[in-house]
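Data block below; observations after.
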Amino acid sequence: MALEDRDYDVRSETIEFLTVFFNKGEGVLSHESIAAMEETNLSLFDKGIKDGYSSPRKSWLKFVAPYIKEACSHRVTLIFDLAISDSNNLVRIEASNTLYRLLNDSKVFGKRPGLLRTKTGCIDYFLGPLGTIDTSPETHFLAYSFVACDTLMKLNGASSLAHDAWVRLVVFLGRNGFEMVSDIIAAGLKASKAGQMFKDLTATFNNLEARVLEKLRGALPVYLDSALSNPGSDDILESVNLLTSLLRDENAYSLLGGPKDTHPRLMSRLAEASVKSDEDRLRKSVLNLLRALLTNGRFRESIGSRCSELMGPYLSGQEAHKHQGKIIGILYRLTANVADSTTAVSQEPSDRYTSLNDIISPHISLLLKLTLLVGDWTRQVEVRKHAEGILLENLTTYPGRSILIEDVLSEIPSVIPAIPAEGKANAVKIIDTLPVPEGKALSIAHALVPLLRDQSTYARATALELLSRLDRRYRPELTGSATQEIIALALKESVDEIRITAIQLLSAMTVPLEVPDGKFKKPPVATPTIQLASQFIPLLHNETLRPSVVELLSAMALQPSVRRALSLKIMASSFGPDGALLEAYTELLARLVSDGRFLSDRSDEATDKVMLFFASAVAAKPELEQYRFEILTALWCRYSSAVPLPTAPASTTLKALGSPTVPTSSTEDKALILEPADKSTERLVEWFAFATFGSHATQYEVDKCLSRSSLWLPKLTSKTLQSEVPAPPGS
């Protein structure tokens, strides 16, 4: 069928042909045939006017006028909607022309020829006829609508915000039978005729008499309250659209009554509509309006309290789970991108978001449970997604978010005991995403410590992970009170994942933290002892824990007594029955050499030097070949140019192998005495090179490899000594 052709031009031409054909056929067809065709043609119009292309819609508007016989027909309202809101300018103009033809048709509007026959624009022309029409309310409504459309045509379809508000106001007042609507129409036409082009509503209202304006201010809030109370979605949607248009113009605020009498009632109606409506389009429009009102100083207090009071009962009680999905979705949309909301009146951030705090704060516990406690009753993905969005996305956009964030963070420890495996990631994400005040971080850390002894594995894992995140981002003293609990988890916990986290946290707590003046300050845990280190040495044999244990022991090796004990343990292991050094100790040795732990201070140089020679010998063992490159590269980069002597005089000239003389003027340089480049030292370096490259490498290959390897680890000098000691992440 041509009306359903894929080509919209074909569809449009078909409609044009049918228009001409039926107009010419009136004189030759019987009344029965014409009646049957009218019903068919109206059905075709109802379907075709929804065409996605503008050309067929325009043709259908030309086609339908002869078949509309009653002013109360729903098709008249449909044509008016197209005249006001269609996306295409030509369609809007054609819809206005169709309305004009209908208003001149005596069959539709009674025997009043000339009602709107002449060109519009003369104010006196409208005041008379509109005041004498006594037909149905639909006739009034359509007449008012046409006047609004006519002004739109005068603007060449370029509707401004003020014009949109004026059109909706005229239509709304006309539908509610406002007796002075003709005065408002006249004022709008006068402004349009004066070339003011509806830049704002001030020009229109300036043309109103004081008595008319006073009457309008009294009637409009009553009409709005009545429409918002009507369960019919069309009435509510019309009121919402009108309010949205009026709020764009500051001059229209005075029409909505006072903040103490009218505003609370209107805000209650809007809040009820957002909760009780099942129509997505209406709920979306209401929520957009509420978001604008929440950031508007004139309505902020009313809407905040009304929303909070209304939503509370839906989120509690035995049947709360039936309503939670809708309410949480409303909260999410109300708070989404609220910092970008624009209103006519700017407010200070500290005041602007007070109502939002009032709305969300009572429901923080529920939001956290929906986000963290992924149980049977929270398996609705959309609800959980909205709850997470409020906490992890929307809160971060608030200039006044600090109060809410503190409430969220304070509530987390109370939720953790019931947390399942899936909730741990979200708990960590909340801590990582929200800015935690330093004072609040300390109180959270103290509240998390008892949870490290919780019977739930997931609770212990979550509490430990949160402590680790807080330690990285804030002061190390946060975890000081939990030291013994963390050590117990690292040594005795049955779940390897928790043990690894505990060991890594201990590593961060053990490394000294630099302060701005360059000095080390004492770490929050007690100074690592030989006894403590000896408790972790057996864990080296657990391949799952080994990387974390090696990191921890390397950090503890900053303490000379611990480093000496570890060195003797490593060397002793090589004097076993088969003389083989265990792989676990070799990995620890490689890490100690790579981290530059040996000769990092002047407390035990003898043992440290022995360990360097011992490491070079270990690297030559075929069975430990996998550690050879790491050990020998670290030996070259860390120790080939700096060999401290315990008895070297302070005036000894400082040199580096193959490097220019190092100056001795600074106090820092005098603290590290370097051995002169003698033959024995040169032979030692050559031995390192031979063990690394073998006897077949050329001098060029050796030089090239060494120059590149030196970039992997910086040379250990007095100036870089402190920087070689790693600090906890985030410090």
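Its first residue numbered 1, the sequence shown is counted upward by one per residue in the UniProt record's numbering.
By construction, the Cβ of each residue, glycine as well, lies at the ideal position given by its N, Cα and C atoms.
All figures in this text were calculated on a predicted structure; none of them were measured in a lab.
- The Cβ atoms of residue 511 and residue 457 lie no closer than 8 Å to each other.
- Selection 74, 52 and 54 evaluated against residue 42 yields 74 as nearest (Cα-Cα).
- About 12 Å separates the beta carbon of residue 466 from that of residue 434, a gap too long to meet the 8 Å contact definition.
- Annotation: residue 407 to residue 422 spans about 23 Å, alpha carbon to alpha carbon.
- Listed in chain order, the alpha helix (DSSP H) elements of length 4 or more contained wholly in the segment 360 to 414 are 364 to 372 and 381 to 392.
- At a Cβ-Cβ threshold of 8 Å, residue 612 and residue 618 do not count as neighbours.
- At the C-beta level, residue 482 and residue 493 stay beyond 8 Å of one another.
- Here residue 209 is exposed, its C-beta having fewer than 16 other C-beta atoms within 10 Å.
- Straight-line measurement puts the Cα of residue 608 at about 14 Å from the Cα of residue 591.
- A distance below 6 Å between beta-carbons, with the five flanking residues on each side excluded, links residue 51 to the following residues of its chain, in chain order: 57.
- A buried status is given to residue 452, since no fewer than 16 other beta-carbon atoms sit within 10 Å of its beta-carbon.
- Proximity to residue 61 across 37, 40, 36 and 90 peaks at 90, based on C-alpha coordinates.
- In summary, residue 276 is exposed, with fewer than 16 beta-carbon neighbours lying within 10 Å of its beta-carbon over all protein chains present.
- Around residue 504, the same chain offers 548 as residues with beta carbons nearer than 6 Å, after the five sequence neighbours per side are excluded.
- Counting the other CB atoms within 10 Å of its CB gives residue 396 a total below 16, which places it among the exposed residues.
- Residue nearest to residue 416 within the set 287, 270, 633 and 444 is 444 (criterion: CA-CA distance).
- The alpha-carbon of residue 567 is positioned some 13 Å away from that of residue 584.
- Residue 235 has its alpha-carbon roughly 14 Å from the corresponding atom of residue 272.
- The alpha-carbon separation between residue 589 and residue 508 amounts to approximately 20 Å.
- Distance from the CA of residue 44 to the CA of residue 171, rounded to the nearest whole angstrom, comes to 28 Å.
- Sorting 86, 359, 246 and 610 by C-alpha distance to the C-alpha of residue 333 places 359 at the top.
- For residue 433, the enclosing alpha helix (DSSP H) begins and ends at 421 to 433.
- Take the alpha-carbon of residue 268 and the one of residue 385: they are about 27 Å apart.
- The alpha carbon of residue 54 has as its nearest neighbour, out of 36, 10, 21 and 66, the alpha carbon of 10.
- Separation of residue 40 and residue 5 (C-alpha to C-alpha, rounded to the nearest whole angstrom) is 19 Å.
- The shortest C-alpha to C-alpha distance from residue 225 to any of 93, 213, 238 and 215 is the one to 238.
- DSSP places residue 50 in the coil class of the three-state scheme, outside both helix and strand.
- By the C-beta density criterion, residue 281 is exposed, having fewer than 16 other C-beta atoms within 10 angstroms.
- Taken atom to atom, the span from the alpha-carbon of residue 569 to that of residue 606 is near 16 Å.
- In the DSSP annotation of this structure, residue 316 is not part of any alpha helix (DSSP H), being labelled neither H nor E.
- Boundaries of the alpha helix (DSSP H) harbouring residue 229: 210 to 229, taken from the DSSP string.
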